[in-house]
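Presented below is the structure to which this report refers.
Protein chains: 2
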Amino acid sequence: MEMDERKATILQAIIRNYLETGEPVGSRTISKYTDLNLSSATIRNEMADLEEMGYIIQPHTSAGRIPSDKGYRFYVDTMMEAKDREISEMKKVLMERQDKLEDMLKGVVKLLAKDTQYASLITAPSVSRNKLKFIQLSRIDDEHLLTVIVKEGNVIKNKVVDITEPVNEETLLKLNLMLNTQLSGMTMDEISLSMITGLKAQAGSHSGVISEVIDAVAEAISAEEDLKVYTSGANNILKYPELSDNSEKAGHLINTFEEREGLEELIIGGEDGDEAIKVYIGSENKVSGMEDCSVVTATYELEGGMKGTIGIVGPKRMDYDKVVGTLKSLRSGLDDLYKKDN
Amino acid sequence: MEMDERKATILQAIIRNYLETGEPVGSRTISKYTDLNLSSATIRNEMADLEEMGYIIQPHTSAGRIPSDKGYRFYVDTMMEAKDREISEMKKVLMERQDKLEDMLKGVVKLLAKDTQYASLITAPSVSRNKLKFIQLSRIDDEHLLTVIVKEGNVIKNKVVDITEPVNEETLLKLNLMLNTQLSGMTMDEISLSMITGLKAQAGSHSGVISEVIDAVAEAISAEEDLKVYTSGANNILKYPELSDNSEKAGHLINTFEEREGLEELIIGGEDGDEAIKVYIGSENKVSGMEDCSVVTATYELEGGMKGTIGIVGPKRMDYDKVVGTLKSLRSGLDDLYKKDN
DNA sequence: TGTTAGCACTCTTTTAAATCGAGTGCTAAC
DNA sequence: GTTAGCACTCGATTTAAAAGAGTGCTAACA
């Protein structure tokens, strides 16, 4: 059996209709819904074919059909219009100057959730590839030093270093100078272990304290940025019966959003691909508890190559068209926005 | 009509029972439940009295009674045992060294939610009364300075200051010295406007840039710590039919927890009172959408007078006894914990 | 006078049965 | 290849009946 144009049209009509209503759709509906001018009987025949081919499913005898994951996949891959939507409200709100990146991200994700009515998330742009601008060690008291690391884009990182014996001002100055000359301009990735050993040698570090400090600084530099995730609209999950009927699953989902744990999984695949926007239908995503959801992610990029991800999570009968459109324009708008702000 | 001991016992029995089952409780149940050895008929008479007095409510004719807000209040105020519960698991988990205050708080709130099965929140200890340890201004590039502010307890705050013209090293050194001599040891509250003006004068700030910098630093110092709130267990709301049946309200509640917005309201009253643990029943709390909930908050205090709040939000038929016990021991345990960690 | 047994009454919940209705598959005719 | 028609299926809705929980009231009892 082969997918011909008519079958595709019918499949599309079924999915479109199901997206709207959430109810299984029957042959009569399609007969009227499309402009193919076919009777319900004919549609029935085609639907039987489509079912055999695995694109649609019958929840029980004498119910209409609903799309299978395969059906959604076909729809997303081949039939979605890639129209660029208006995002007037979105733009307007985002244009208002927001001081901090954090606030901006929170604003964006909130807006996205409100606009799409799905649970949404956004990650802060990763800065691990950013170059190091400068490092500063300062003395807090006899037992503590403060390390401040400034990266490109003026992203700042602090760490308090415990020291076992006091360090005098002169040593500190020397250390500062050395660290800056050696490390500034490098990306986090480039700073390797051998480099650190080199630094220690250069510092003539027979004294344990200096070695200690260098280790701590190295650790501070290479420490995993914990991926900051902002979420909004988890409560939208309750709006879709197919997700909220099983209240245990729904609770689990909501919890995932509240705690922001495990959401990285959603995003990780998204970075390396060449496609900017990805759609995961049903069990295509590997996060436990999200088998009944679809996930759409988009990567965005700010100046300086900082990349982050925006995503939305909703029921499989998601308005893919709208979501993809929204993410598309949002994605391209974010960079402009950030430039304006900074 | 007056509340005598027997009525109180019966009221207590009603409430206890209702807390467990969530169902209206009838006279026969109480007759067996208490050791008063009274027949259901007698209990019925007493219940009629209690209803007249406003402590219990009959949802509809021929249903049992449920406690009114007034009933809960009476229960909480007079009848709750203040036993100190075991928190073995809690202590054990918390004892595991956790590096950051943030992680600790997240751990605590998660544990609390798990233990009580209610939605939980915790605020980071407020540091506005902490003394300033030192300030450091550094040059990032020609347009940006970095302000690092270290407070007691090694709490660090950063701010990037935009400057309109470059500042040379010498000026920076001078500024650093001045800021530190003048400001260190003071609390955030003590640093007033007049002080800032004084600083500017002292800096001989005819040059606009210096004045600019001082302003920015002052702003950075006095900027409201945004109250960090950590939450967990919002999904527990779904476990209580009286909260989750109205899915709109439930969604609103969950959203409040996810966004962590408006939760401050819950907490604000808690700080100034003398009572460490407070119970708000039903509409006693002023957060919109939480009329059907009860809220229990406890303030905790870390070394150095840093205060924060722990709270739980649940249905009115909350296990007040357990919750208060848990919060009590948690509250007293937090300081020890923090000391060990730091 | 306080307590209790008993009973009629009320109202919700549960259960069962009946009916409805959307949708199908198949057949036969166009 | 398309369509009308029809018998059939099976979940959903409606309806009715029964069950159950609990009350208020009255009258009897200690």
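Line by line, the protein sequences give chains L and X. So the first sequence is numbered by the working numbering: it starts at 1 and just counts up by one. So the second sequence is numbered by the working numbering: it starts at 1001 and just counts up by one. Heads up, the beta-carbon is just placed ideally off N, CA and C, and yes, glycines get one too.
*chain L contact residues for residue 1160 of chain X, given Cβ-Cβ distances below 7 angstroms*: 154
*asked:* If I follow the unbroken alpha helix (DSSP H) through residue 1252 of chain X, where does it start and stop?
replied: 1247–1259
*Tell me which same chain residues have a C-beta within less than 6 angstroms of the C-beta of residue 1236 of chain X, skipping the five on either side of it?*
1117, 1118, 1119
*Using DSSP with H/G/I as helix, E/B as strand and the rest coil, what is residue 87 of chain L?*
Unreliable positioning characterises residue 87 of chain L in this predicted model, as indicated by a pLDDT of 49, which lies under 50. The coordinate reading is nonetheless provided below. DSSP places residue 87 of chain L in coil when its eight states are reduced to three.
_residue 234 of chain L and residue 1258 of chain X - do their beta-carbons sit closer together than 9 angstroms?_
yes
*Could you confirm whether any beta carbon from chain L is found closer than 9 angstroms to the beta carbon of residue 1060 of chain X?*
no
*Looking only at its own chain, which residues have a Cβ that is under 6 angstroms from the Cβ of residue 87 of chain L, when we skip the five neighbours before and after it?*
The predicted model places residue 87 of chain L with a pLDDT of 49, which falls under 50 and marks its position as unreliable; any figure quoted below should be read in that light. Excluding residues within five positions, the ones whose Cβ falls inside 6 angstroms are 329.
*If we cut at 9 angstroms on Cβ distances, does residue 1244 of chain X have a partner in chain L?*
yes
*With a 10 Å radius around its C-beta and 16 neighbouring C-beta atoms as the bar for buried, classify residue 1185 of chain X as buried or exposed.*
Result: exposed.
_Please report the straight-line C-alpha distance between residue 1010 of chain X and residue 1132 of chain X, rounded to a whole angstrom._
56 angstroms
*From the DSSP output, read off the bridge partner residues of residue 348 of chain L.*
Chain L is shown from 1 up to 342; residue 348 of chain L falls before or after that span and cannot be answered.
*Measure from the alpha carbon of residue 1173 of chain X to the alpha carbon of each residue in X/1249, X/1135, X/1154, then state which is nearest.*
Closest option to residue 1173 of chain X, Cα to Cα, is X/1135.
*Out of curiosity, what's the CA-to-CA distance linking residue 42 of chain L and residue 5 of chain L?*
15 angstroms
*Which first and last residues belong to the alpha helix (DSSP H) in which residue 1277 of chain X is found?*
Run containing residue 1277 of chain X: none in the alpha helix (DSSP H); it sits in the beta strand (DSSP E), 1277–1281.
*To the nearest angstrom, how far is it from the Cα of residue 1292 of chain X to the Cα of residue 1266 of chain X?*
14 angstroms
_Where residue 133 of chain L meets chain X, residues with beta-carbon distance less than 9 angstroms_ = 1140, 1141
*Report yes if the CB atom of residue 27 of chain L is closer than 9 angstroms to the CB atom of residue 47 of chain L, and no otherwise.*
yes
*Since residue 1158 of chain X and residue 1146 of chain X are thought to touch, with beta carbons under 8 angstroms apart, how far apart are those beta carbons, to the nearest angstrom?*
7 angstroms
*Let me know if residue 115 of chain L comes out buried or exposed under the rule of 16 or more other beta-carbons within 10 Å of its beta-carbon.*
buried
_Using only the alpha-carbon positions, how far apart do residue 1051 of chain X and residue 1279 of chain X sit?_
23 angstroms
*residue 1194 of chain X: buried (16+ other C-beta within 10 angstroms of its C-beta) or exposed?*
exposed
*Contact set between the stretch 1216–1242 of chain X and chain L, restricted to residues whose Cβ is under 8 angstroms from the partner*: 1231, 1232, 1233, 1234, 1235, 1236, 1238, 1239
*Proximity to residue 326 of chain L [Cα-Cα], best of L/316, L/310, L/315*: Residue 326 of chain L has its Cα closest to that of L/310, out of L/316, L/310, L/315.
*Minimum C-alpha distance to residue 350 of chain L - residue among L/137, L/101, L/121*: Summary: the structure shown does not reach residue 350 of chain L, with chain L confined to residues 1 through 342, and so no result is reported for it.
*Go ahead and label residue 1101 of chain X buried or exposed: buried means 16 or more other beta carbons lie within 10 angstroms of its beta carbon, across all protein chains shown.*
buried
*Which of the three DSSP states, helix, strand or coil, is assigned to residue 1298 of chain X?*
Looking at residue 1298 of chain X - three-state DSSP - the assignment turns out to be strand.
*Closer than 9 angstroms by beta-carbon distance: list the chain X residues that pair up with residue 120 of chain L, in chain order.*
Going along chain X, no residue has its Cβ under 9 angstroms from residue 120 of chain L, so there is no contact; the nearest lies around 11 angstroms.
_I'd like to know if residue 255 of chain L contacts chain X, where contact means its C-beta is closer than 9 angstroms to some C-beta of that chain._
Yes, contact with chain X.
*Cβ-Cβ distance between residue 1210 of chain X and residue 1175 of chain X below 9 angstroms*: yes
*Can you tell me whether DSSP reads residue 1037 of chain X as helix, strand or coil?*
coil
_Run through the DSSP bridge pairs and tell me what residue 1157 of chain X is partnered with._
According to DSSP, residue 1157 of chain X bridges with X/1149.
*What residues of chain L sit near residue 1124 of chain X, judged by a beta carbon separation below 9 angstroms?*
Under the 9 angstroms cutoff, chain L gives no residues; its nearest Cβ is about 15 angstroms from residue 1124 of chain X.
*Can you tell which of X/1063, X/1013, X/1061, X/1035 has its C-alpha closest to the C-alpha of residue 1074 of chain X?*
X/1013
*To the nearest angstrom, report how far apart residue 251 of chain L and residue 1260 of chain X are at their CA atoms.*
18 angstroms
*In the DSSP assignment, find the unbroken alpha helix (DSSP H) run with residue 1108 of chain X in it and report its ends.*
1101–1116
*What number of angstroms, rounded off, separates the C-alpha of residue 230 of chain L from the C-alpha of residue 124 of chain L?*
8 angstroms
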